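Novice: Sharing a structure here in structure tokens format.
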Amino acid sequence: MPHTNRYALISSLTCCLMMLYASPRLAAQTGATPQAAYSTEEVRFVNTHEGISLSGTLTRPNGAEAAPAVVMITGSGPQNRDEEIAGHKPFAVIADLLARNGIASLRFDDRGVGGSEHGKTEQATTLDLSYDVEAAYDFVRACKGIDTTKIGLLGHSEGGQIAVMLAARRPDIACVVSMAGPAVRGDEMMTEQVRMILHTQGVTDEQAKQYVDTYRHMYDIVIGAPTRKAAVVQLSTYLQSLNMPQDAVTQYMSYTQPWFYYMLRYDPADDLRRLTCPAFFFYGSHDTQVSARQSYDAIHDLKQSNLHPHIFNNVNHLFQRCSTGSIDEYGMITEDISQEVLHEGLSLVLSTLRRHPS
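Under the working numbering, the letters of the sequence shown match residues 1 to 358, in that order.
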């Protein structure tokens, strides 16, 4: 294959991958219309670790003296409190379901989105963002009418990883729900993601291997570098040796930026081993961003009785019923989230938080 065509497709794939981790900034939404079963309140809280003020919606079931609660955590890229993607608002739907079943929730705008302050968003890593979530968790703990022994975390994609990360250092967290949260090191997840996306684009196995090998080598450089500064130098040298166009080099150099550098190197295995609360891991069989089988197997191999992985058939990364799982399908599907996932998967959360009365 001519180099120009190969790099054009690799560049196109990289643009696609960048879009997955840099979702457009969307205005904050208030979510589902309040019903008689619950009330909603606009709230603010502060991440004292960095002095960032964050804005969210606290949803409370009516008539509950001490309700269990869930803190929701969005996926990668700046998103609003409803995790609005392609016109869908899955977190608003989940908050409505939880409230109708007697469980409060807090969902909040990411840094720099809606009512939340910007902070050092461009420099923030997954670890940094976990302190935003910890601030949300502590805020809910301090709210009147909340059972502080029954507060769980529910995160999607990167948010699922953050839920695990935070629960590993905060044993008082009651449960974790990780929806499409990677359970393997970032470079392994990304390598499989490249392979899956190429498959949906109809690339031949031979071509796919070339592209995957190129990405794999870039990841290895970043992983193997002793510092981020060294990764910048080594990756730049490698890309220049390939005589790539400058715009392609610029795209690939993003792997040395703080968020990507941390993500590629982060292995959730140690945090998973430290979890003591019940943790549920949901994956979609047609997810082309986070391999269901790869993460399911990683969790299963840990052989911990409190970790419960499950794969839902025929749903994508957003847990919508789908045909191919392609990213292009997201906006063409009418449902926000599969009813099977809502009623079968989240029923586990309901039963866990209600299991032992205060």
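Every residue gets a Cβ at the ideal spot worked out from N, C-alpha and C, and that includes glycine.
From a predicted model like this one, the values you see are computed outputs, not experimental measurements.
Following the continuous beta strand (DSSP E) through F108, name the residue where it begins and the one where it ends.
Specialist: Unbroken beta strand (DSSP E) run through F108: 104-108.
Novice: Compute the distance between the beta-carbons of M72 and R81, then report whether it is under 9 Å.
Specialist: Yes.
Novice: Looking only at its chain, what residues have a beta carbon closer than 6 Å to the beta carbon of E134, apart from the 5 residues adjacent to it on each side?
Specialist: If we look at E134 and ignore the five residues flanking it on each side, its Cβ neighbours are L166.
Novice: Would a C-beta distance cut-off of 9 Å place G145 and A86 closer than the cut-off?
Specialist: No; because the gap between Cβ atoms is not below 9 Å, this pair is not in contact.
Novice: Are the beta-carbon atoms belonging to T250 and V222 less than 9 Å from one another?
Specialist: No, Cβ-Cβ distance for T250 and V222 is not below 9 Å.
Novice: Below 7 Å CB to CB, which residues in the same chain sit around A22 once its five sequence neighbours on both sides are set aside?
Specialist: Bear in mind that the predicted position of A22 carries a pLDDT of just 45, short of 50, making it unreliable; the figure below should be weighed with that in mind. Within the same chain, A22 has close Cβ partners G77.
Novice: Please report the Cβ distance between A163 and L153, rounded to the nearest whole angstrom; I am assuming they are in contact, meaning their Cβ atoms lie under 8 Å.
Specialist: About 4 Å separates the two Cβ atoms, so the contact holds.
Novice: Is M244 helix, strand or coil by DSSP?
Specialist: Note: M244 maps to coil in three-state DSSP.
Novice: Which of the three DSSP states, helix, strand or coil, is assigned to P182?
Specialist: Looking at P182 - three-state DSSP - the assignment turns out to be coil, as it is neither helix nor strand.
Novice: Do S323 and H286 come within 9 Å of each other at the CB atom, strictly closer than that value?
Specialist: Yes, they are a contact pair.
Novice: Taking the alpha-carbon positions, what's the F139 to R44 distance?
Specialist: Distance between the alpha carbons of F139 and R44: 9 Å.
Novice: Contact check, D267 vs V93 under 8 Å by CB: the rounded distance?
Specialist: So it is not a contact: roughly 32 Å between Cβ atoms.
Novice: Assuming the contact rule is C-beta atoms closer than 8 Å, K279 and I151 should be a hit. Round their C-beta distance to whole Å, please.
Specialist: Here residue 279 is Ala; the residue named in the question, Lys, does not match the sequence. Not confirmed; about 14 Å, so no contact.
Novice: Evaluate the contact criterion for the stretch 120-134 versus the stretch 258-265: three or more CB pairs, one atom per stretch, below 8 Å.
Specialist: The stretch 120-134, when compared against the stretch 258-265, does touch it at the 8 Å Cβ threshold.
Novice: Cβ atoms of I333 and T288: under 9 Å apart, would you say?
Specialist: Not closer than 9 Å, so no.
Novice: Let me make sure I understand the geometry here. Which of Q294, A292, G331, C277 has the alpha-carbon closest to that of L307?
Specialist: L307 has its Cα closest to that of C277, out of Q294, A292, G331, C277.
Novice: Quick check on S351: does DSSP put it in helix, strand or coil?
Specialist: Helix, per DSSP.
Novice: Using only CA atoms, which one of V113, E50, C143 lies nearest to E41?
Specialist: The candidate whose alpha carbon is nearest that of E41 is C143.
Novice: Going by beta carbon distance, what residues of the same chain come within less than 8 Å of S338, once the five residues before and after it are set aside?
Specialist: Counting only Cβ-Cβ distances below 8 Å, and skipping sequence neighbours, we find F312, V315, F319, Q320, R321.
Novice: Using DSSP's beta-bridge definition, name the partner residues of L58.
Specialist: Paired residues: E41, L106.
Novice: Helix, strand or coil: how does DSSP classify H88 here?
Specialist: Strand.
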